[in-house]
Each structure stands twice: as structure tokens, then as C-alpha cells.
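Input: a single structure, listed below in C-alpha cells.
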């Protein structure tokens, strides 16, 4: 438990506030059309594809790094698990989004990763994809659909999830190595977050 007040963060580290949200009853959704030329499909990913899409969707802009620091053997287990589903949006043969639904815990689904590359932001693709996530999650026998977002993610994310029908239920503070200083992401990634070298 952190005491009230200010707490210095060691140089070379990031302090991130994580907000956990959940949906315990399926919300009503509306049909949303995809932008012209964009297609939606389920993917059976391999490790190179997964690392690439994570980096392009979330790593370069928003410092997603949790899965990037896992070794290939660990990722292969997740990617091959039949209770984890992966989806993408594509245009012109290029994959531009990631939606990862994790059903490994009985009675629940976690929206583990959700995001679009910058080309699809503001096109309605996000609304389409979140609707797909809700419909697919609640098509299974679950009583809880949940996710998390954090203060280094897109500033629109928390409001988007709340507007869709997710309710904040908990917050946590994470102190972690800056992924740009340990080689997981280039130093140009996440320009909204300053690098404080040790």
C-alpha cells in the first residue's frame, strides 16, 4: 500500500497507473460497418506475426511491452492455446489491428489486447472491433468480460471503454523498467513519455 504523497520513481523506470474495468452483463451493441477496403478475420498467429502486430499497434505509440519481453517459447504456448482467440483488421493485405480474447479462466473473458494502427484511428474501425469483441465474448458461457488500460496508453482508451459499457473496478501502480532502455522498443517509441536515463 502506497502512503499518501509523492514517491520518487527511479531513473530508468516507468510508473504506470493501471485501471481495471469489467462488464458483468452484456450490453446492447449496434451493427457497425467497416471502413471501405477493410476486412475482419480470425488469425492463427505465429510468434513473428504477433510480435510485429503488437509493436505496430501498441508498442511504437503506447509502449505496449508486456508480451514483447516474453521469450518465444512462452509466447508459442499462448498463441497455440485454443482458449485464446486472435483477430485482426486488414487493408490491402496489411494487418492493422489486434483483438485478443482470453477465455482461459472459466466463466470469464479478458480482452487481453485491443488496438488499431494509426491508419485506422478515427475511421469507425475501433467501434466495429469492440462490438465484435463484446459479441464474441458473450457468445461463450461467461459472467465477466474484463480488460485493463493504463496512463501511458492512448488517452482516449479509458473513455472509449467506459462509453461502450465497461465499469472501472480497481486501480494499481506498476513500476517497471522503461522498455526503450532495455532494447524491447526503440527510443523513439512512446514520445509522450519522457526517457529518464539512470
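In my numbering, the protein residues as written are 170 to 367. Beta carbons: idealized from backbone N, C-alpha and C, even for Gly.
Asked, Found
"Is the beta carbon of residue 187 less than 7 Å from the beta carbon of residue 343?", "yes"
"Kindly indicate which three-state DSSP category residue 271 falls into: helix, strand or coil?", "strand"
"With distances taken Cα to Cα, identify the nearest neighbour of residue 181 among 348, 305, 358, 353.", "348"
"Over what stretch of residues does the alpha helix (DSSP H) that includes residue 379 continue unbroken?", "There is simply no residue 379 to check, as the chain begins at 170 and stops at 367 in what is shown."
"Among 172, 273, 329, which residue has its Cα nearest to the Cα of residue 293?", "329"
"Would you check if the region 281–288 and the region 192–211 touch, i.e. whether three or more CB-CB distances between them fall below 8 Å?", "no"
"Less than 7 Å between the beta carbons of residue 277 and residue 305, yes or no?", "no"
"Helix, strand or coil: which one does DSSP assign to residue 264?", "strand"
"What's the gap between the Cα of residue 190 and the Cα of residue 219?", "25 Å"
"If we count the other Cβ atoms within 10 Å of its Cβ and call it buried at 16 or more, is residue 269 buried or exposed?", "buried"
"Taking the beta carbon of residue 260 as the centre, do at least 16 other beta carbons fall within 10 Å, making it buried, or is it exposed?", "buried"
"Taking the beta strand (DSSP E) that residue 360 belongs to, which residues open and close that run?", "Here residue 360 belongs to no beta strand (DSSP E), and DSSP marks it neither H nor E."
"Report the CB separation of residue 209 from residue 301 in whole angstroms; it is logged as a contact under 8 Å.", "7 Å"
"Short of 8 Å in beta carbon distance, which residues of its chain neighbour residue 311, apart from the five on each side in sequence? Order them along the chain.", "272, 276, 277, 278"
"Can you tell me whether residue 224 is helix, strand or coil according to DSSP?", "helix"
"DSSP three-state call for residue 346: helix, strand or coil?", "strand"
"Please list, in chain order, all residues of the same chain as residue 239 whose beta carbon is under 6 Å from its beta carbon, the five residues on each side excluded.", "none"
"From residue 184 to residue 234, what distance separates their C-alpha atoms?", "14 Å"
"Give the DSSP bridge partners of residue 200, in chain order.", "In DSSP, residue 200 forms no bridge with anything."
"If distances are taken between C-alpha atoms only, which option among 365, 332, 211 comes closest to residue 264?", "211"
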